[in-house]
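What follows is one structure encoded as structure tokens, with my remarks underneath.
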């Protein structure tokens, strides 16, 4: 997905309402309650934080939206100076 992570999440939550700048509330798609007990917040770095006050796990909320956990984060900007990581095999 090429849009900002917050836009991708809000597109899956049509009943989301903005509570304050960078924070929204919506009905949790994982448990389908009647109250807006899912909070959605965008961090200064562009990541999305989700919290369900009914106790749903973030992974369950993300799956119910048809997204993946990686969709909550902006793409990494690599400088090319990162150390090379060698995969380690478990034996």
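Numbering (our numbering), first residue to last: 10 to 100. Virtual Cβ for every residue (Gly too), placed ideally from N, Cα, C.
Taking C-alpha atoms, which residue in the options lies nearest to residue i?
| i | options | result |
| --- | --- | --- |
| residue 54 | 96, 98, 14 and 40 | 14 |
| residue 16 | 61, 60, 83 and 94 | 83 |
| residue 22 | 64, 89, 45 and 96 | 45 |
| residue 81 | 51, 66 and 98 | 51 |
| residue 68 | 26, 40, 28 and 97 | 40 |
| residue 63 | 97, 43 and 20 | 43 |
If you run the structure through DSSP and keep just helix, strand and coil, what is residue i?
| i | result |
| --- | --- |
| residue 59 | strand |
Since residue i is in the alpha helix (DSSP H), which residue starts that stretch and which ends it?
| i | result |
| --- | --- |
| residue 101 | Only positions 10 to 100 of the chain appear in this structure, which leaves residue 101 out of reach. |
Using only the alpha-carbon positions, how far apart do residue i and residue j sit?
| i | j | result |
| --- | --- | --- |
| residue 47 | residue 85 | 26 Å |
| residue 78 | residue 58 | 11 Å |
Could one say the Cβ of residue i lies closer than 8 Å to chain B's Cβ atoms, at least one of them?
| i | result |
| --- | --- |
| residue 21 | In the displayed structure, chain B is absent; only one protein chain is listed. |
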